[in-house]
Amino acid sequence: MNPFLVQGCDTPKTPLDPTVHGSMEDYVDVDRAEESFGRFQADFGNGARVLREGRLVVALGATGCGKTALINRCVRWLESANEPSWFQHVFRKRPYSDKDQSVAARRRATGQQLVDKLRSVGVVRPDTPIHDAKDDADRIYPLLDEALPPNTFVTLVLPPSDELIDELLYYAQMIGPKMLVFTETSATHALENKLGEFPSEALFLDVGPLRKADGDTFVAQRFKPVVDAGTWPLGGTPPPIEPDLLPGLIAARAMSIGELQIMLHGIYDEILSKGPPQPAQVTNKELLLYYHLRRGNERGGW
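Sequential numbering from 329 applies to the sequence shown in the working numbering.
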């Protein structure tokens with residue numbers, strides 16, 4: 329198997345989601361993601377604040393930096409916590425089918441789907457006020473506290489909101505008891521101009537470009553299960569990466585974990601496709617071949 333394709337993922341572009349594929353052990357301490365995950369765990373604590381006040385959690389970072397994977401990790405951690413003091417209903421909003429929808433239309437669709445989800449699991453009945461309010465998002469969220477059983481909260485996972493910072497601001501202002509809302513954005517500069525309008529309840533989690541040593545850390549973690557299980561298709565172990573190759577590449581320009589993952593997957597896929605004998609190690613030669621083949625694919629070649 330290719331070390332850089334997590335089991336269950338269709339492509340190397342698929343964000344980690346241990347609820348669907350892989351496990352929590354697939355996460356690697358790179359680009360400040362571990363620090364941000366720890367911040368969320370500490371902030372959530374025993375869940376009392378979410379039950380009492382609600383919480384908006386926003387993952388910030390450039391495209392490919394692992395924002396979606398971080399949110400998925402937080403949600404999975406909550407699902408596996410098995411705490412007797414609280415219970416959550418997770419609702420993941422599907423990506424918006426019409427990107428030109430107004431903020432009002434998007435939040436109305438989200439509210440309707442949330443109420444439908446709660447009704448399907450028996451939390452909301454057709455004769456309750458929140459069901460009657462399903463077409464009015466501004467009424468739905470204030471009614472959650474009354475509609476949900478004691479010690480129960482809703483975890484709402486929203487799609488990325490890069491172009492509509494006003495949408496983030498809306499949910500920040502609508503946060504109330506028994507609401508935990510996750511969202512993400514790459515529009516950090518636009519967000520900075522609106523920070524003064526966000527209530528103090530918002531928790532911002534940063535993931536950034538890779539640090540110089542992150543590449544080697546990532547490779548070592550991805551190699552380990554393949555080496556331990558002896559599943560490298562060409563026999564033996566995958567060819568190691570030339571020392572200083574990744575640190576030098578990362579130091580030369582900003583690189584995201586997503587870009588690194590796709591690049592390494594492509595390099596090792598090419599090695600596998602050629603078959604034995606494999607190179608003694610991955611060097612600049614394999615790196616340049618990867619970028620050459622990628623340019624060819626982008627131009628319609630092979």
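Using N, Cα and C, we set each Cβ at its ideal position, and we do this for glycine too.
Apart from the five residues on each side of it in sequence, which residues of its chain come closer than 6 Å, Cβ to Cβ, to Gly439?
Ala465, Ile468
Do Ile590 and Val610 have their beta-carbon atoms positioned less than 8 Å apart in this structure?
no
Looking at C-beta atoms only, is the number of pairs between the region 500-516 and the region 369-386 that lie closer than 8 Å three or more?
yes
Exposure of Asn374, with buried meaning 16 or more beta-carbon neighbours within 10 Å:
exposed
Does Thr339 pass the burial test, meaning 16 or more other C-beta atoms within 10 Å, or should it be called exposed?
exposed
Using DSSP with H/G/I as helix, E/B as strand and the rest coil, what is Arg420?
strand
Pairs of beta-carbons, one from the region 514-524 and one from the region 445-465, closer than 8 Å: are there three or more?
no
Leaving out five residues on either side along the sequence, give the residues of the same chain with a beta carbon under 7 Å from the beta carbon of Val356.
Thr545, Phe546, Gln549
For Cys489, the nearest candidate out of Glu570, Lys613, Pro568, Thr511 (CA to CA):
Sequence check: residue 489 is Ser here, not Cys. Measuring from the Cα of Ser489, the nearest candidate turns out to be Thr511.
I need the straight-line Cα distance from Leu621 to Gly558, nearest angstrom please.
29 Å
Just to confirm, are Leu398 and Phe365 a CB contact at a threshold of 8 Å?
yes
Is Ile468 helix, strand or coil when you go by DSSP?
helix
Go through the region 542-595 residue by residue and report every complete run of the alpha helix (DSSP H) that reaches 4 residues or more, in order.
542-557, 573-580
Would you give the residue range spanned by the beta strand (DSSP E) that Phe532 belongs to?
530-534
Helix, strand or coil at Thr516 according to DSSP, with G and I counted as helix:
helix
Sub-8 Å separation of Leu392 and Ile585 beta-carbons
In the sequence on display, residue 392 carries Gly and not Leu. In contact: Gly392 and Ile585 (Cβ atoms closer than 8 Å).
Near Leu600, what residues of its chain come up, given a Cβ to Cβ distance below 8 Å and the 5 sequence neighbours on each side ignored?
Asn330, Pro561, Leu562
Looking at C-alpha atoms only, which residue of Arg539, Glu411, Glu474 is the closest neighbour of Arg581?
Arg539
Measuring CA to CA, which of Thr483, Pro568, Tyr618, Leu615 is closest to Thr402?
Before going on, a small fix: residue 402 reads as Cys here, not Thr. Of the listed residues, the one whose Cα sits closest to Cys402 is Thr483.
Buried versus exposed, by CB contacts within 10 Å (16 or more), Glu411:
exposed
Short of 8 Å in beta carbon distance, which residues of its chain neighbour Thr565, apart from the five on each side in sequence? Order them along the chain.
Phe551, Val554, Val555
Out of Met352, Leu333, Asp359, Val431, which one is the CA nearest neighbour of Pro537?
Asp359
How many angstroms separate the CA atom of Ala530 from the CA atom of Val385?
6 Å
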